[in-house]
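A.B. asks: For what it's worth, my numbering labels the leading residue of the sequence shown as 137, then goes sequentially.
A virtual CB, placed ideally from N, CA and C, is assigned to each residue, including glycine.
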Amino acid sequence: MTPEFWFHPNVRSDLISLFREPEKCTRALSKISVLGLYAQQILNHGEVAPNTFEALRDAGVFRSGMPIAVEIGAVKPGGPSACDASDNTFNARAAVDRIELAGGLVSHLAIDEPLPSGLDPDLCNLPFEQVVEYTAGFIRELRPRVSSIGIIEQMPFSRADRIVLFMETLQQAGQSPSFLHLDADRLAIRNAGLTSPAEFRADIRSLDAHCRAWGIPFRVILWIPNIDPAKPAKFRDGVLAWHQQVMGMLPDGPSGGFVLQSWDAVAGHTLPKVAPETDLMSMTGVVLAL
């Protein structure tokens, strides 16, 4: 399979500038395979300005021709109809409808971390089997609309063996995920006691090997926590260091490539900036450095 590069700025970034002034990011745009959006932006849920659905539509994002991935939860806390994925099944259909009515097409749905949301006693507190059942139901309902539906999972909440079991149980339920994205919180991994580089390397390699055997892409999300407005180089330096670390563990790279993503919104700031690519601290500047 051909590795891809997914580009997913945070919900309140200056994303629209990428489409209003594409000439400022031509080299970066040529490297981006898929644009990631959050369902909140499409549905105008919560604080999403300046990236409201209407603003994205008017900037031509949906008609740009760039493949679009929408990140959305399936099993999420918020009541019985949230934990059983009913709410987000409705929301996912609504997001796909809105994008299609705006002249676009949703190429991928990325299900946001069903295992932590489902299993955590402070969240949905479900047994593993129910998380599988509800996630499989979500995929079953949405697949007629979007053929590529994959899973984002978080480490260290789950080690590789549990993520593999989850993927294989979904496959046995007849709802095989189309891809797997790994959200690895390196600080949390260290704090949780996964201090051995050998253990971490083994988990990354296991996930990549399983995805290759299943014939689906495995991508690693490049991000850093706690963006600091006073330290604009922190995002760039952290992402490049994490990319280098992953390439050290997987010399050929993850089978499906990488996702450059940010989800930390800082009040009064659009961090990290999306454009222009000549700004080394911007996300498009980071794209060119990878």
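Can you give me the Cβ contacts of L396 inside the same chain, cut-off strictly under 6 Å, excluding the 5 residues immediately before and after it?
C.D. replies: If you number the sequence shown from 1, residue 396 lands on position 260. Same-chain partners within the cutoff: F143, L358.
A.B. asks: Got a sec, what are the start and stop residues for the alpha helix (DSSP H) E304 sits in?
C.D. replies: Translated into the one-based positions of the sequence shown, residue 304 becomes position 168. Its alpha helix (DSSP H) spans residues 296 to 308.
A.B. asks: By how many angstroms is the C-alpha of S332 removed from the C-alpha of A230?
C.D. replies: Within the sequence shown, the letter at position 94 stands for residue 230. Within the sequence shown, the letter at position 196 stands for residue 332. So the two alpha carbons sit approximately 44 Å from each other.
A.B. asks: In terms of alpha-carbon separation, which member of E140, P216, S169, P145 lies closest to Q177?
C.D. replies: Taking the first residue of the sequence shown as 1, we reach residue 177 at position 41. Residue P145 is the option with its Cα nearest to Q177.
A.B. asks: Here's a check: name, in chain order, each residue in its chain whose Cβ is nearer than 8 Å to the Cβ of L376, leaving out the five neighbours to either side.
C.D. replies: Taking the sequence shown and counting its residues from 1, one reaches residue 376 at position 240. Taken in chain order, the residues that qualify are V422, A425, L426.
A.B. asks: State the start and end residues of the unbroken beta strand (DSSP E) segment that holds H317.
C.D. replies: Within the sequence shown, residue 317 is the residue found at index 181, counting from 1. Element bounds for H317: 316 to 320.
A.B. asks: Classify A191 as helix, strand or coil using the three-state DSSP reduction.
C.D. replies: As a position in the sequence shown, residue 191 is number 55, starting the count at 1. Helix.
A.B. asks: Would you mind reading off the limits of the beta strand (DSSP E) that contains R355?
C.D. replies: Within the sequence shown, numbered from 1, the residue matching residue 355 stands at position 219. That run of the beta strand (DSSP E) goes 354 to 358.
A.B. asks: Counting along the chain, where does the alpha helix (DSSP H) carrying S284 start and finish?
C.D. replies: Working through the sequence shown from its first residue, we reach residue 284 at position 148. No alpha helix (DSSP H) contains S284, which is instead part of the beta strand (DSSP E) from 284 to 291.
A.B. asks: Taking C-beta to C-beta, are V282 and H244 nearer than 9 Å?
C.D. replies: Here residue 282 refers to the residue found at position 146 of the sequence shown. Here residue 244 refers to the residue found at position 108 of the sequence shown. In this structure, H244 lies closer than 9 Å to V282 by Cβ.
A.B. asks: Are the CB atoms of C260 and P213 within a distance shorter than 9 Å?
C.D. replies: Numbered from its first residue, the sequence shown carries residue 213 at position 77. Numbered from its first residue, the sequence shown carries residue 260 at position 124. Yes; because the gap between Cβ atoms is below 9 Å, this pair is in contact.
A.B. asks: Find the nearest neighbour of D415 within the set P390, Y174, G389, P368, judged by alpha-carbon distance.
C.D. replies: On the sequence shown, position 279 is the one that residue 415 refers to. Among P390, Y174, G389, P368, the Cα nearest to that of D415 is on P368.
A.B. asks: Would you tell me roughly how many angstroms separate the C-alpha atoms of T138 and N327, rounded to the nearest one?
C.D. replies: For the purposes of this step, residue 138 is taken as the residue at position 2 of the sequence shown. For the purposes of this step, residue 327 is taken as the residue at position 191 of the sequence shown. Each residue's alpha carbon lies about 35 Å from the other.
A.B. asks: List, from N- to C-terminal side, the alpha helix (DSSP H) runs of 4 residues or more that fit wholly inside the segment 367 to 397.
C.D. replies: As far as the segment 367 to 397 is concerned, its whole alpha helix (DSSP H) runs of at least 4 residues are 369 to 385.
A.B. asks: Contact between the segment 307 to 316 and the segment 249 to 258 is defined here as three or more beta-carbon pairs at a separation below 8 Å; is this criterion met?
C.D. replies: The segment 307 to 316, when compared against the segment 249 to 258, does not touch it at the 8 Å Cβ threshold.
A.B. asks: With respect to the alpha helix (DSSP H) encompassing G172, which residues constitute its N-terminal and C-terminal limits?
C.D. replies: Mapped onto the sequence shown, residue 172 falls at position 36. Counting along the chain, G172 falls outside any alpha helix (DSSP H), though it belongs to the beta strand (DSSP E) covering 170 to 174.
A.B. asks: Does the distance from the C-beta atom of V300 to that of S253 stay below 9 Å?
C.D. replies: Here residue 300 refers to the residue found at position 164 when the sequence shown is read from its first residue. Here residue 253 refers to the residue found at position 117 when the sequence shown is read from its first residue. Not a contact, by the Cβ cut-off of 9 Å.
A.B. asks: Could you tell me if S439 is buried or exposed, where buried requires 16 or more neighbouring beta carbons within 10 angstroms of its beta carbon?
C.D. replies: Not covered by the structure: residue 439. The range shown for the chain is 137 to 426.
A.B. asks: In terms of residues, what are the limits of the beta strand (DSSP E) holding A205?
C.D. replies: Taking the sequence shown and counting its residues from 1, one reaches residue 205 at position 69. From DSSP, the beta strand (DSSP E) with A205 extends over 204 to 208.
A.B. asks: Assuming S391 and P353 form a contact by the criterion Cβ under 8 Å, report the distance between their Cβ atoms to the nearest whole angstrom.
C.D. replies: Within the sequence shown, the letter at position 255 stands for residue 391. Within the sequence shown, the letter at position 217 stands for residue 353. Yes, S391 and P353 are in contact; Cβ-Cβ is about 6 Å, under 8 Å.
A.B. asks: Within its chain, find whatever has a CB closer than 6 Å to the CB of Y275; leave out the 5 residues flanking it on each side and keep chain order.
C.D. replies: To locate residue 275, count along the sequence shown from 1; it is residue 139. Here the sequence assigns Ile to residue 275, which means Tyr is not the residue at that position. So the list reads I285, Q311, once near-sequence residues are dropped.
A.B. asks: Nearest to A210 by CA position, among F189, E269, G374, is which residue?
C.D. replies: In the sequence shown, counting from the first residue as 1, residue 210 sits at position 74. Closest option to A210, Cα to Cα, is E269.
A.B. asks: Taking just the CA atoms, how far does G240 sit from A191?
C.D. replies: Counting from one through the sequence shown, the residue named residue 191 turns up at place 55. Counting from one through the sequence shown, the residue named residue 240 turns up at place 104. Rounded to whole angstroms, A191 to G240 spans 14 Å at the Cα level.
A.B. asks: Can you name, in chain order, every residue of its own chain whose Cβ lies under 7 Å from the Cβ of V267, other than the five neighbours on each side?
C.D. replies: To locate residue 267, count along the sequence shown from 1; it is residue 131. Cβ neighbours of V267 beyond the five flanking positions: V211, P250, L251, G254, L255.
A.B. asks: Quick one: using the 10 Å Cβ neighbour count with 16 as the cut-off for buried, is D233 buried or exposed?
C.D. replies: Looking up residue 233 in the sequence shown gives position 97. D233 should be labelled exposed.
A.B. asks: What's the gap between the Cα of Q380 and the Cα of Q290?
C.D. replies: By 1-based counting over the sequence shown, the position of residue 380 is 244. By 1-based counting over the sequence shown, the position of residue 290 is 154. So the two alpha carbons sit approximately 20 Å from each other.
A.B. asks: Any idea what DSSP makes of S153, helix, strand or coil?
C.D. replies: The residue given as residue 153 occupies position 17 in the sequence shown. Three-state DSSP puts S153 in a helix.
A.B. asks: The beta strand (DSSP E) spanning S95 covers which residue range?
C.D. replies: The requested residue 95 is not part of the displayed model; the chain covers only 137 to 426.
A.B. asks: Assuming the contact rule is C-beta atoms closer than 8 Å, I208 and A175 should be a hit. Round their C-beta distance to whole Å, please.
C.D. replies: Here residue 208 corresponds to residue number 72 of the sequence shown, with the count starting at 1. Here residue 175 corresponds to residue number 39 of the sequence shown, with the count starting at 1. So it is a contact: roughly 4 Å between Cβ atoms.
A.B. asks: Would you list the residues sitting across from E140 in a DSSP beta bridge?
C.D. replies: As a position in the sequence shown, residue 140 is number 4, starting the count at 1. Partner(s): G393.
A.B. asks: Quick one: Cα of G351 to Cα of A309, how far?
C.D. replies: Position 215 of the sequence shown, counted from the start, is the residue given in the question as residue 351. Position 173 of the sequence shown, counted from the start, is the residue given in the question as residue 309. Distance between the alpha carbons of G351 and A309 is about 17 Å.
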